Each structure stands twice: as structure tokens, then as C-alpha cells.
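Have a look at the structure below, then the notes.
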Amino acid sequence: MRKVPILLTLLSAAIALNAVCAEPEMGMDLMQNIEDANKSLSSNIALANKQAAGDDAKELARMFQEVETFFVHKGDAANAVDLARQSRELSAEIVALVATGKFEVATDKATTLSRTCRTCHTFYKKE
Amino acid sequence: MCFNSRRDFLLKSGLGMGAAAVTGLLPGGGLLQGAMAAELVDPLAPKAPHFPAKVKSVIWLHMNGAPSTLDLFDYKPDLIKLAGQDVPASFLKGIKTSTQGGVGKLYASKREWKQHGQSGHWFSDLVPNLATQSDKIAFIKSSVTVGATHDISILKLNTGDLSPGRPSLGAWVSYALGSANPDLPPYVVLYNGKNEPSAGSVNWNSGFLPAVYQGTAFRPGPSPIFYLERPELRTEGQQHASLDLLRKLNQKNADRYPSDTELKARLRSYDLADRMQVSAPAAVDLSKESDATKELYGINDETSSSYGTTLLRARRLVERGVRFIQVVSGAPDGQTEITSWDAHNDLEKNHSVNARMIDKPIAGLLADLESRGLLESTLVVWTSEFGRTSYGQSGNGRDHNPWGYTQWVAGGGIKAGYTHGATDEIGLQVANKDQAVDTYDLHATVLQLLGLDHLKTTFLNNGRSERPTVVYGKVIKELLA
Numbered sequence: 001m002r003k004v005p006i007l008l009t010l011l012s013a014a015i016a017l018n019a020v021c022a023e024p025e026m027g028m029d030l031m032q033n034i035e036d037a038n039k040s041l042s043s044n045i046a047l048a049n050k051q052a053a054g055d056d057a058k059e060l061a062r063m064f065q066e067v068e069t070f071f072v073h074k075g076d077a078a079n080a081v082d083l084a085r086q087s088r089e090l091s092a093e094i095v096a097l098v099a100t101g102k103f104e105v106a107t108d109k110a111t112t113l114s115r116t117c118r119t120c121h122t123f124y125k126k127e
Numbered sequence: 128m129c130f131n132s133r134r135d136f137l138l139k140s141g142l143g144m145g146a147a148a149v150t151g152l153l154p155g156g157g158l159l160q161g162a163m164a165a166e167l168v169d170p171l172a173p174k175a176p177h178f179p180a181k182v183k184s185v186i187w188l189h190m191n192g193a194p195s196t197l198d199l200f201d202y203k204p205d206l207i208k209l210a211g212q213d214v215p216a217s218f219l220k221g222i223k224t225s226t227q228g229g230v231g232k233l234y235a236s237k238r239e240w241k242q243h244g245q246s247g248h249w250f251s252d253l254v255p256n257l258a259t260q261s262d263k264i265a266f267i268k269s270s271v272t273v274g275a276t277h278d279i280s281i282l283k284l285n286t287g288d289l290s291p292g293r294p295s296l297g298a299w300v301s302y303a304l305g306s307a308n309p310d311l312p313p314y315v316v317l318y319n320g321k322n323e324p325s326a327g328s329v330n331w332n333s334g335f336l337p338a339v340y341q342g343t344a345f346r347p348g349p350s351p352i353f354y355l356e357r358p359e360l361r362t363e364g365q366q367h368a369s370l371d372l373l374r375k376l377n378q379k380n381a382d383r384y385p386s387d388t389e390l391k392a393r394l395r396s397y398d399l400a401d402r403m404q405v406s407a408p409a410a411v412d413l414s415k416e417s418d419a420t421k422e423l424y425g426i427n428d429e430t431s432s433s434y435g436t437t438l439l440r441a442r443r444l445v446e447r448g449v450r451f452i453q454v455v456s457g458a459p460d461g462q463t464e465i466t467s468w469d470a471h472n473d474l475e476k477n478h479s480v481n482a483r484m485i486d487k488p489i490a491g492l493l494a495d496l497e498s499r500g501l502l503e504s505t506l507v508v509w510t511s512e513f514g515r516t517s518y519g520q521s522g523n524g525r526d527h528n529p530w531g532y533t534q535w536v537a538g539g540g541i542k543a544g545y546t547h548g549a550t551d552e553i554g555l556q557v558a559n560k561d562q563a564v565d566t567y568d569l570h571a572t573v574l575q576l577l578g579l580d581h582l583k584t585t586f587l588n589n590g591r592s593e594r595p596t597v598v599y600g601k602v603i604k605e606l607l608a
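Chains A and R supply the protein sequences, listed in that same order. Residue 1 is where the first sequence starts when you use the numbering used here, and the numbers rise one by one after that. Residue 128 is where the second sequence starts when you use the numbering used here, and the numbers rise one by one after that.
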């Protein structure tokens with residue numbers, strides 16, 4: 001009967017350890033969502049849709065924050081952290097640009113954002 | 128305003144709409160935007176560019192199978208020095224080399240290299256004729272793409288995507304500029320060899336754009352389009368009587384339903400097909416070309432004859448106002464073993480045949496365009512789906528290389544003699560990633576020279592605004608004169 005408390009203690013300890021070691025995850029879903037949002041952003045800027053483009057850019061900024069956090073925890077990926085930060089900042093700039101109707105500049109920024117994604121994929125995208 | 132009858136009202140409204148459409152064609156004028164107004168009348172009507180164009184036509188030379196530009200244009204003394212050794216780890220950083228056969232030893236072919244012209248561009252002994260045109264060429268030595276199978280990377284080269292469904296660059300050009308010659312399609316695909324290019328018509332289709340903008344494949348031989356010729360059993364008079372009746376019936380319906388653009392497109396297709404029965408064979412008929420011209424294009428040489436014929440046809444199409452001519456390299460006549468540039472083994476033999484096939488014809492094309500005053504209004508693009516590795520494969524071949532290879536451009540608006548970017552010391556990767564030129568950048572630059580802003584060349588597809596460069600693309604300003 002004494003084995004039960006020991007097992008329970010070990011199980012609790014394992015769960016606690018797991019919680020401590022838990023790292024942010026970055027699955028394919030997140031990357032797919034970023035790709036979808038990026039395409040939607042490009043379209044909404046071209047259509048001069050302030051509201052929708054702003055929403056897309058805000059969502060992208062949030063998702064790039066997740067990517068940045070993931071690579072910070074992963075370690076040994078300074079370049080990826082930097083690229084994710086750049087992408088987050090570009091997204092934030094686009095939010096401000098579309099809010100003031102500066103769609104041409106926003107298009108340029110969105111294109112730079114897409115290139116930043118590609119640069120990161122060159123090194124970090126898994127086959 | 129008073130209208131006497133419903134018919135009168137429709138007539139005057141129609142004339143008003145026509146006038147609006149015409150004014151829409153004037154740069155910066157009109158009630159409607161150029162493209163929109165023109166489409167109301169005819170989807171292939173000429174449309175105003177966004178800004179003055181540097182060129183009127185593009186000849187897009189696709190080297191099918193991916194040549195090793197390391198053996199043609201990208202001279203790498205260090206590769207020759209290090210040949211036979213393992214690739215130093217530092218050169219492999221950041222790339223995935225699992226395309227086919229793993230990483231072999233560094234490989235150098237037995238080439239002789241020389242600088243040519245005032246530009247000092249390097250050319251190998253495989254392309255001696257092209258070397259004479261050195262000062263017309265601007266090299267892009269920092270080309271990158273997505274490396275996959277040939278068909279997938281060819282699709283990216285032509286449409287910007289790895290999956291079928293997007294319009295090819297030529298289709299975007301047709302959509303944005305319309306046709307400059309009502310008797311010929313604005314977008315023509317040419318190829319040499321017996322078979323249509325293996326990657327297929329998906330590389331010249333119109334994707335989500337209306338089908339009228341897709342490329343028309345001209346096959347080799349005197350009758351370039353399938354089923355274009357009138358059947359022998361039918362006289363010319365019978366055909367015209369039949370077409371006239373069809374036109375009248377269609378026109379009646381078109382009058383009843385003026386907004387039916389599909390019907391208008393169909394009417395135009397019948398008329399275009401009728402006119403093309405004369406104009407298409409005439410466009411590719413070389414019988415009136417001089418012997419000297421044929422010699423210039425290498426038509427008298429067995430290996431370069433079919434490709435030379437194709438390029439001479441391309442020049443004739445440029446003269447006739449065709450906007451975009453996509454030329455896919457095939458196999459020389461009589462050659463069954465080597466059908467593309469894809470030299471995974473025996474690169475020496477493969478590239479000797481292929482270089483001989485294209486060298487004189489392309490040099491001849493550039494010289495001919497210049498002598499006729501057409502080079503300044505034509506853009507020639509020498510391109511491929513990817514390059515080939517500096518490490519060897521199968522002992523004497525090279526694998527696919529999407530990380531750093533060479534393409535070139537020549538013609539109107541181009542800074543001739545310039546070299547953009549570079550590969551590393553062994554020619555494996557782009558040396559400076561900031562100068563990397565992806566497919567989208569090349570497309571954006573081609574469009575720019577045609578007077579089109581790639582960011583403003585848009586089409587609404589299922590509620591989404593699409594553009595030729597997807598979400599990418601940067602004009603390579605350094606290439607522009």
C-alpha cells in the first residue's frame with residue numbers, strides 16, 4: 001500500500017518538472033496562420049481597406065511575438081530572434097501606416113516583411 | 128435630354144460608353160481607369176501602362192533543365208584550385224543539400240575562360256559567340272530560388288508559385304497591356320524539338336485571370352497552331368459564310384446582353400482565329416529571310432538549327448508587336464540522348480551539345496535585334512529554373528543549385544555591361560544575401576521595364592487582390608539604365 005503514495009509523489013514531481021521545463025511551442029499551424037494573414041494583409045492594403053489591413057497587421061504582430069519568444073527560449077538562434085523582431089516591428093509600422101491611409105508605404109513595408117519571412121525560412125524552415 | 132425611343136436610348140448610351148472607354152485609354156485621362164474601360168470593349172484591347180515603358184516586348188529564354196552557369200559565365204578560380212576536395216563546411220552553412228545525391232567532391236570542368244568586351248564579362252569556351260555580345264548583357268550573378276524538382280521550380284520561374292493555379296508572367300503582361308497586334312496573340316510560347324516542353328502548358332496558362340490572357344503555343348514547323356488550318360474539304364468561301372452567320376447571331380445576342388463579356392471574348396476569338404490562319408503562318412515563315420540572317424542564327428548548323436529557327440521566329444514576332452515571347456529550349460534535331468540541360472552526369476557532353484545549340488542563335492538574336500533598331504525596345508531574359516552545384520555528382524555531373532546561380536538580361540532600359548551580385552568563392556551560394564535576386568524580383572523588374580508597377584498590377588480573385596509577385600518582389604534598380 002505504501003507504493004501508491006510514492007507513485008503519486010513521483011507523478012506529481014514529473015508533472016511539476018514538465019511544467020517548469022515547458023517551452024513555447026511553434027507548430028506548422030502558427031506558420032500557416034502567418035502566411036495566410038500575410039496574404040490577406042497584402043490584399044487588404046491593395047484594396048485600401050483600412051480596417052481589415054489594420055486587423056491583419058495587428059494579428060501578424062501578435063504572431064511574430066510568439067515566434068520571437070519561441071526562438072529566444074530555443075537558444076542559439078540569434079538571427080531568427082532578430083528576424084522575428086524585425087517582422088513584429090514591421091507589422092506594427094504597417095498598423096500605423098494603414099490607419100493614416102498611407103497604403104503605398106504600407107505595401108513596401110509588407111513586401112519587406114514577406115522577404116524577411118523568406119530569409120528566415122532559408123535557415124530555419126524544416127523540410 | 129430627350130430620347131425618341133428605347134433603341135435610340137440604347138444606341139446613344141452605347142456610344143457614350145464607347146467614348147468613355149476610348150478616353151480611358153488615354154494616359155491619365157478618362158472617366159474610367161484604362162484597364163477597366165478597355166475590358167468593356169475588348170479584353171485584349173491595348174491598355175495604358177502605369178508609366179512610360181522602356182520596352183515593348185520581352186523574349187523570355189528559358190534554358191530548360193538548368194544549365195551550370197559555373198561552366199558558362201561564373202568564373203571561379205578557387206573552384207578550380209579546390210577541385211577534388213570536400214566542400215569546406217563554411218560554404219555549406221545555411222543550406223540544405225539533400226536535393227538528390229548528397230554532396231560530392233568539388234568539381235571543375237575543363238573550361239577555358241576569357242574576359243570579353245569593355246565590360247570585361249567572363250565567358251567560357253562553351254559560348255564563344257555569345258561572348259562577342261558581352262557589352263549588351265547585364266548579369267545577375269546572385270540568383271536564388273526554391274530548389275525542388277524541375278517541374279516545380281519551372282512553375283515558380285514562370286508563375287511565382289510552387290503549385291499550379293497562378294497566372295504566368297506573360298499572362299499578367301497580356302492582362303495589363305492587352306495586345307499590340309489584333310491579328311496575333313499578345314503572348315506566344317515557342318520551343319524547339321519534337322515535343323512540347325515536359326513541364327507543360329501550366330507554365331503559360333492564365334491561372335485565375337480570364338483565359339483570353341493565356342499563352343498560345345506555336346509548335347515548330349510551317350503550321351504553328353493545332354487545328355488552325357481550314358479543313359481541305361471546306362472552301363474559303365464556305366468558311367467565311369459560316370463565320371459571318373455565327374458572327375451575326377453572336378452579335379445579335381451581344382446587342383441584347385451588352386454586359387456579357389464572355390460572348391464578346393468568344394466573338395473576338397473567332398475573328399482572331401480567322402485572321403491568324405493567315406497571320407500566324409506568315410509570322411513564322413522564314414522563306415523571305417536572307418541567307419545571311421539564317422547564318423547569323425546558326426540555322427545552317429545541325430545542332431543549332433532548330434533553336435536558331437525558333438529565335439528567328441521570336442524576332443519576327445517582336446516585329447509584329449507580340450508582347451511576351453516565352454522560348455523553352457528543347458533538344459537539337461536528331462538528338463535523343465540529351466534533351467535538356469539537366470547534367471547530373473557527363474556534364475561535358477551535355478553542355479557541349481546544349482551550349483552549341485543556343486550559343487550562336489542567342490548571339491545572332493542580340494546582334495540582329497540591334498541592327499534592326501529593335502534591341503532598345505525589346506528585353507531579352509536568359510533564365511532557368513535553378514543552377515547547378517559546384518560539387519560534383521556521379522563523378523562528372525552537377526546537382527541542382529537554388530542557392531546561387533547566374534541569369535542575364537539585355538536590351539531596352541538595361542544597364543548593359545553591369546554585373547549584379549556574386550556567388551561565393553566556389554560558386555555555391557550567393558555571397559551577399561542582401562543582393563539575392565529571387566524569381567519575384569526578376570518578374571518585378573521585367574514588369575517595370577514594360578511600364579508596369581508590379582504592386583499596382585492587380586486582379587480581384589474571389590475577393591482577394593492578387594498581384595504577379597504574390598506578396599514579394601523588388602525591382603532590381605541597379606540593373607536599370
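By construction, the Cβ of each residue, glycine as well, lies at the ideal position given by its N, Cα and C atoms. Bear in mind the structure is a predicted one, so any value in this text is a computation, not a measurement.
I need the DSSP call for residue i, collapsed to helix, strand or coil.
i: Ser-592 of chain R; result: strand
i: Tyr-532 of chain R; result: strand
i: Phe-335 of chain R; result: coil
i: Ala-537 of chain R; result: strand
i: Ser-184 of chain R; result: strand
i: Lys-203 of chain R; result: coil
i: Gly-156 of chain R; result: Because Gly-156 of chain R sits at a pLDDT of 32, beneath the cut-off of 50, its placement in the model cannot be relied upon, and the point is left open.
i: Arg-346 of chain R; result: coil
i: Arg-447 of chain R; result: coil
i: Thr-286 of chain R; result: helix
i: Lys-241 of chain R; result: strand
i: Thr-585 of chain R; result: coil
i: Ile-279 of chain R; result: helix
i: Thr-510 of chain R; result: strand
i: Trp-299 of chain R; result: helix
i: Ala-265 of chain R; result: strand
i: Leu-317 of chain R; result: strand
i: Thr-516 of chain R; result: strand
i: Gln-212 of chain R; result: coil
i: Thr-119 of chain A; result: helix
Would residue i and residue j be called neighbours here (beta carbons separated by less than 8 Å)?
i: Val-455 of chain R; j: Tyr-318 of chain R; result: yes
i: Ala-265 of chain R; j: Ala-543 of chain R; result: yes
i: Val-449 of chain R; j: Leu-576 of chain R; result: no
i: Trp-530 of chain R; j: Pro-194 of chain R; result: no
i: Leu-582 of chain R; j: Gly-538 of chain R; result: no
i: Tyr-567 of chain R; j: Gly-600 of chain R; result: yes
i: Lys-268 of chain R; j: Thr-510 of chain R; result: no
i: Ile-34 of chain A; j: Met-63 of chain A; result: yes
i: Ser-677 of chain R; j: Gly-244 of chain R; result: Nothing about residue 677 of chain R can be read from this structure; chain R reaches only from 128 to 608.
In angstroms, rounded to a whole number, what distance separates the CA positions of residue i and residue j?
i: Pro-358 of chain R; j: Lys-379 of chain R; result: 28 Å
i: Ala-400 of chain R; j: Leu-209 of chain R; result: 58 Å
i: Leu-188 of chain R; j: Phe-451 of chain R; result: 11 Å
i: Glu-68 of chain A; j: Lys-39 of chain A; result: 21 Å
i: Ser-417 of chain R; j: Asp-288 of chain R; result: 42 Å
i: Pro-255 of chain R; j: Arg-591 of chain R; result: 49 Å
i: Thr-611 of chain R; j: Asp-580 of chain R; result: Any question about residue 611 of chain R goes unanswered here, given that chain R covers just 128 to 608.
i: Glu-389 of chain R; j: Leu-171 of chain R; result: 13 Å
i: Val-271 of chain R; j: Pro-204 of chain R; result: 22 Å
i: Asp-56 of chain A; j: Phe-103 of chain A; result: 14 Å
i: Ser-184 of chain R; j: Ser-504 of chain R; result: 7 Å
i: Thr-466 of chain R; j: Gly-327 of chain R; result: 15 Å
i: Ser-114 of chain A; j: Glu-593 of chain R; result: 15 Å
i: Thr-119 of chain A; j: Ile-207 of chain R; result: 30 Å
i: Thr-437 of chain R; j: Lys-487 of chain R; result: 12 Å
i: Ser-406 of chain R; j: Pro-309 of chain R; result: 10 Å
Find the residues of chain C that neighbour residue i, judging by a C-beta separation of less than 8 Å, and give them in chain order.
i: Lys-102 of chain A; result: The displayed structure is made up of protein chains A and R, and chain C is not among them.
Inter-stretch contact (C-beta, 8 Å, three-pair minimum) for the region 209 to 223 of chain R and the region 536 to 556 of chain R: Because the criterion of three Cβ pairs below 8 Å is met, the region 209 to 223 of chain R and the region 536 to 556 of chain R touch.
According to a CB-to-CB cut-off of less than 7 Å, which residues of the region 570 to 588 of chain R neighbour chain A? Leu-582, Thr-585
Sufficient close CB pairs (3 or more, under 8 Å) joining the region 237 to 256 of chain R to the region 290 to 300 of chain R: no
Okay, do the region 285 to 296 of chain R and the region 516 to 532 of chain R touch, 3+ Cβ pairs below 8 Å being the bar? no
Determine, using beta-carbon pairs with one atom in the region 469 to 478 of chain R and one in the region 335 to 349 of chain R, whether at least three such pairs fall under 8 Å. no
Contact between the region 314 to 328 of chain R and the region 344 to 353 of chain R (3+ Cβ pairs under 8 Å): Taking a contact to require three or more Cβ pairs closer than 8 Å, the region 314 to 328 of chain R and the region 344 to 353 of chain R qualify as touching.
Return the residues of the region 284 to 310 of chain R that lie within a Cβ-Cβ distance of less than 9 Å from chain A, sorted by chain order. Residues: none.
Stretch-stretch touch, CB-based, cutoff 8 Å, three pairs: the region 492 to 501 of chain R with the region 227 to 241 of chain R: no
Contact residues within the region 538 to 568 of chain R, judged by C-beta distance below 8 Å to chain A: Lys-560, Asp-565
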